[in-house]
Ligand SMILES: Cc1cc2nc3c(=O)[nH]c(=O)nc-3n(C[C@H](O)[C@H](O)[C@H](O)COP(=O)(O)OP(=O)(O)OC[C@H]3O[C@@H](n4cnc5c(N)ncnc54)[C@H](O)[C@@H]3O)c2cc1C
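Residue numbers (the working numbering): 1 to 418.
Structural data, given as structure tokens:
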């Protein structure tokens with residue numbers, strides 16, 4: 001690689017960009033990553049770090065829109081859509097709502113399951129092969145319900161998962177507390193998903209960056225992309241605060257910021273930021289041994305030897321960058337409805353992040369139909385940690401440096417004319 005040119009220029013240093021970089025380097029490509037701030041400083045930082053094939057079924061399924069509408073107006077509901085939004089976001093939400101139709105939901109669930117299952121397998125292998133020190137644990141996850149009716153309705157969800165090849169074991173209320181003594185007595189029950197795992201996301205991205213450097217990749221931090229240099233239908237270079245960088249191929253891995261970059265190329269990505277929040281404490285005396293999904297309140301509890309994190313909320317407020325106290329307080333209150341102790345002795349961090357939400361609940365992965373050397377690796381929504389390794393395998397295969405057995409059609413940018 002000369003000073004400023006590489007086989008692959010990865011745009012964005014979150015979990016997706018770093019995973020792609022590491023896998024491409026291993027397959028022999030020269031790689032540079034450009035990141036506007038610190039590596040892993042976007043959505044990949046304070047998320048819950050769960051690796052969840054059990055989330056294969058999309059949020060919008062038949063009947064989900066009605067339930068979502070019922071939540072609007074409750075100030076501490078897990079879904080928040082502020083009034084007075086711009087037309088672009090309004091139309092995007094209408095398109096999203098249509099994804100609840102049975103055929104679309106079934107298509108999304110199958111494609112999500114395929115990528116999630118492959119990623120789960122690859123992440124486990126990577127942790128071992130690259131000795132990634134990230135508190136990875138494969139102990140499954142537990143979905144917990146307070147309400148008997150919600151638990152009954154979850155049965156259809158569990159059966160659907162099983163049809164997709166994802167195990168879901170019913171757990172009675174009393175057995176829940178035996179499995180996780182930190183839970184309160186009297187909960188309705190839940191489902192155990194033995195195929196899930198978790199890791200500490202900040203540590204995972206730090207470790208991916210370490211391996212990228214060790215494998216000869218170059219990481220440019222504080223290098224905000226401001227312009228693109230194009231010739232005919234090829235992107236030759238990007239101009240950043242730190243200079244101009246060239247690549248034979250460009251991988252767009254800018255998470256929720258992807259639409260802003262795409263606009264420079266005349267492309268409209270059907271994405272919106274879905275803001276979420278988390279609170280992290282030093283570990284309390286009693287930690288859950290696996291992630292807990294507090295279902296009615298859509299809060300996730302992740303615990304590692306180094307800390308305890310509560311995460312949740314889906315807020316469609318555009319690129320709003322405020323840490324909103326009301327949302328943080330709602331997450332804390334919700335956790336207490338299920339857990340005896342939901343906080344540790346010392347607060348480590350209060351955080352928000354923008355999930356890169358795609359309008360059809362599937363990531364956008366693959367070669368651009370409009371630009372010769374552009375590949376998309378974006379729009380992973382709530383599942384970027386869970387899909388990073390599989391995404392990297394797909395991108396490397398499309399760059400001609402590896403193989404991938406998945407059917408790539410459902411993720412193709414072609415579906416949006418991109
Ligand atoms: C509260 C919460 C909990 C979550 N929990 C989970 C979970 O348990 N499991 C899971 O799988 N997923 C989870 N997610 C989703 C997950 O965090 C995201 O899907 C994932 O981090 C997206 O990764 P990314 O690399 O695409 O984006 P990011 O990590 O946001 O990376 C994009 C990068 O691009 C950089 N960038 C932007 N613009 C420019 C520019 N102009 N020039 C240079 N660089 C630029 C940004 O600084 C950023 O670092 C959660 C999200 C939230 C908010």
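In this text, a Cβ means the ideal position worked out from N, Cα and C, and glycines have one as well.
Please read all numbers here as calculations on a predicted model, not as lab measurements.
For residue 356, the three-state secondary structure derived from DSSP is strand. In the three-state reduction of the DSSP assignment, residue 182 falls in the coil class, being assigned neither a helical nor a strand state. Under a 10 Å Cβ-count criterion, residue 38 is classified as exposed, with fewer than 16 other Cβ atoms of the shown protein chains found around its own Cβ. For residue 23, the enclosing alpha helix (DSSP H) covers residues 15 to 26. The Cβ atoms of residue 255 and residue 192 lie no closer than 8 Å to each other. Selection 182, 361 and 374 evaluated against residue 410 yields 361 as nearest (Cα-Cα).
Between ligand 1 and the CB of residue 135, the shortest heavy atom gap is not smaller than 7 Å. In the structure shown, residue 54 adopts helical secondary structure according to DSSP, grouped into three states. Within the same chain, 29, 30 and 248 come within 6 Å of residue 7 by CB-CB distance, once the 5 residues on both sides are set aside. Taking C-beta atoms as the reference points, residue 173 and residue 158 fail to come closer than 8 Å. Taking all protein chains shown into account, residue 275 has 16 or more neighbouring C-beta atoms within 10 Å of its C-beta and is therefore buried. Annotation: residue 109 to residue 58 spans about 6 Å, alpha carbon to alpha carbon.
In terms of CA proximity to residue 138, 302 leads the group 302, 382, 346 and 379. About 5 Å separates the beta carbon of residue 34 from that of residue 223, a gap short enough to meet the 8 Å contact definition. Counting along the chain, residue 326 sits inside the alpha helix (DSSP H) bounded by residues 325 to 336. Counted as a single uninterrupted DSSP element, the alpha helix (DSSP H) harbouring residue 258 occupies residues 258 to 263. A distance below 6 Å between beta-carbons, with the five flanking residues on each side excluded, links residue 116 to the following residues of its chain, in chain order: 53, 56 and 386. Setting aside the 5 residues that flank it on each side, residue 5 is surrounded in the same chain by 246, each with a C-beta closer than 6 Å to its C-beta; the list follows chain order.
Under the DSSP assignment, residue 102 falls in the alpha helix (DSSP H) whose first and last residues are 102 to 129. For residue 169, the enclosing beta strand (DSSP E) starts and ends at 169 to 172. In this structure, residue 11 keeps its C-beta atom at 8 Å or more from the C-beta atom of residue 204. Annotation: the continuous alpha helix (DSSP H) that includes residue 394 extends over 384 to 398. Boundaries of the alpha helix (DSSP H) harbouring residue 88: 87 to 97, taken from the DSSP string. DSSP places residue 146 outside both helix and strand once states are collapsed to three, so it counts as coil.
Where residue 275 is concerned, the enclosing beta strand (DSSP E) starts and stops at 271 to 281.
Taking 7 Å as the cut-off, the C-beta of residue 382 counts as close to a heavy atom of ligand 1. The continuous beta strand (DSSP E) containing residue 236 extends over residues 234 to 240. For residue 281, the distance from the CB to the nearest heavy atom of ligand 1 is not below 7 Å. Here the stretch 79 to 86 makes contact with the stretch 315 to 324; the two share three or more CB pairs at distances below 8 Å. Counted as a single uninterrupted DSSP element, the stretch harbouring residue 202 is not any beta strand (DSSP E) but the alpha helix (DSSP H) occupying residues 201 to 214.
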